[in-house]
Amino acid sequence: MRLALAADHAGYELKQMTIRHLEAAGHEVVDMGTDSDQSVDYPAYAIGVAGAVAAGRVDRGILVCGTGLGMCITANKIAGIRAVGPCSVEQAEMSRRHNDANVLCLGQRMMEDSTALDILDTWLSTGFEGGRHSRRIGMISELEQSWPAAE
Ligand code: RB5
Numbered sequence: 002m003r004l005a006l007a008a009d010h011a012g013y014e015l016k017q018m019t020i021r022h023l024e025a026a027g028h029e030v031v032d033m034g035t036d037s038d039q040s041v042d043y044p045a046y047a048i049g050v051a052g053a054v055a056a057g058r059v060d061r062g063i064l065v066c067g068t069g070l071g072m073c074i075t076a077n078k079i080a081g082i083r084a085v086g087p088c089s090v091e092q093a094e095m096s097r098r099h100n101d102a103n104v105l106c107l108g109q110r111m112m113e114d115s116t117a118l119d120i121l122d123t124w125l126s127t128g129f130e131g132g133r134h135s136r137r138i139g140m141i142s143e144l145e146q147s148w149p150a151a152e
């Protein structure tokens with residue numbers, strides 16, 4: 002898979018570990034920064050990765066910050082992005098099976114590295130079930146096109 006990754010300073014270490022893990026597994030990684038643990042603003046990085054996913058330049062995106070929350074909030078502002086920040090392997094699996102999530106957000110300060118990698122591996126290897134879930138995702142897409150609703 003071709004994957005875009007980015008992190009802020011609070012997610013830098015986990016991003017670097019994640020890149021090594023993904024490359025060892027044979028994925029193509031596009032590293033969109035940041036390049037150190039010097040303080041930066043997470044929205045710029047979330048916009049970069051989410052934009053690459055929305056434009057189809059990569060298959061999926063992975064974002065890391067301290068909590069995973071700011072990245073997730075920002076990424077979901079971009080049409081076509083379904084970003085999630087699962088706390089468990091089960092949530093990661095369901096976010097793919099039912100929600101066709103295309104951006105994974107991780108919180109470096111929230112979990113052990115091994116848990117983050119378990120979540121990542123499950124999220125990457127789980128497919129979308131389609132069917133009734135496609136209809137529901139279509140409703141989200143319609144909302145993106147039509148909001149704000151005409152008075
Ligand atoms: C940075 O201190 C922290 O606020 C950021 O990494 C993230 O957790 C925001 O949601």
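Mapped onto this note's numbering, the consecutive letters of the sequence shown carry residue numbers 2 to 152. Idealized CB from N, CA, C, for every residue including glycine.
Residue of D122, L107, R136, V31 minimising C-alpha distance to R58: In the sequence shown, counting from the first residue as 1, residue 58 sits at position 57. It is V31.
beta-carbon T68 near the ligand RB5 non-hydrogen atom, thresh 8 Å: Counting from one through the sequence shown, the residue named residue 68 turns up at place 67. At least one heavy atom of the ligand RB5 is nearer than 8 Å to the Cβ of T68, so yes.
Assigned secondary structure, G108 (DSSP; H/G/I helix, E/B strand, else coil): In the sequence shown, residue 108 corresponds to position 107, counting from 1. Correct three-state label for G108: strand.
Buried or exposed (CB count within 10 angstroms, at least 16 for buried), Q109: Position 108 of the sequence shown holds residue 109. Q109 comes out buried.
Ranges of the beta strand (DSSP E) found wholly within the region 97-147, counting only runs of at least 3: Complete beta strand (DSSP E) runs here, min 3: 104-108.
Closest by C-alpha distance to M33, when choosing among R98, A5, S89, A84: Here residue 33 refers to the residue found at position 32 of the sequence shown. The residue among R98, A5, S89, A84 with its C-alpha nearest the C-alpha of M33 is A5.
Nearest-angstrom Cα separation, counted from L105 out to P87: In the sequence shown, the residue the question calls residue 87 occupies position 86. In the sequence shown, the residue the question calls residue 105 occupies position 104. Roughly 8 Å separates the two Cα atoms.
Short Cβ contact (9 Å threshold) for M95 with T68: The count along the sequence shown starts at 1 and reaches residue 95 at position 94. The count along the sequence shown starts at 1 and reaches residue 68 at position 67. Taking 9 Å as the Cβ cut-off, M95 and T68 do not qualify as a contacting pair.
Contact set for N103: own chain, Cβ-Cβ below 6 Å, skip 5 residues either direction: Walking along the sequence shown from the start, residue 103 turns up at place 102. Hits under 6 Å: V54, R61, R83.
Under 9 Å between C-beta atoms of A7 and V85: Counting from one through the sequence shown, the residue named residue 7 turns up at place 6. Counting from one through the sequence shown, the residue named residue 85 turns up at place 84. Not a contact, by the Cβ cut-off of 9 Å.
Three-state class that DSSP yields for V31 in the structure shown: As a working mapping, residue 31 is identified with position 30 in the sequence shown. In this structure, V31 counts as strand in the three-state DSSP scheme.
From G81, T123, H10, L23, residue whose alpha carbon lies closest to that of A45: Position 44 of the sequence shown holds residue 45. Ranking the options by Cα distance to A45, first place goes to H10.
Burial state of I120 (16 or more Cβ within 10 Å): Mapped onto the sequence shown, residue 120 falls at position 119. When all chains shown are included, I120 counts as buried.
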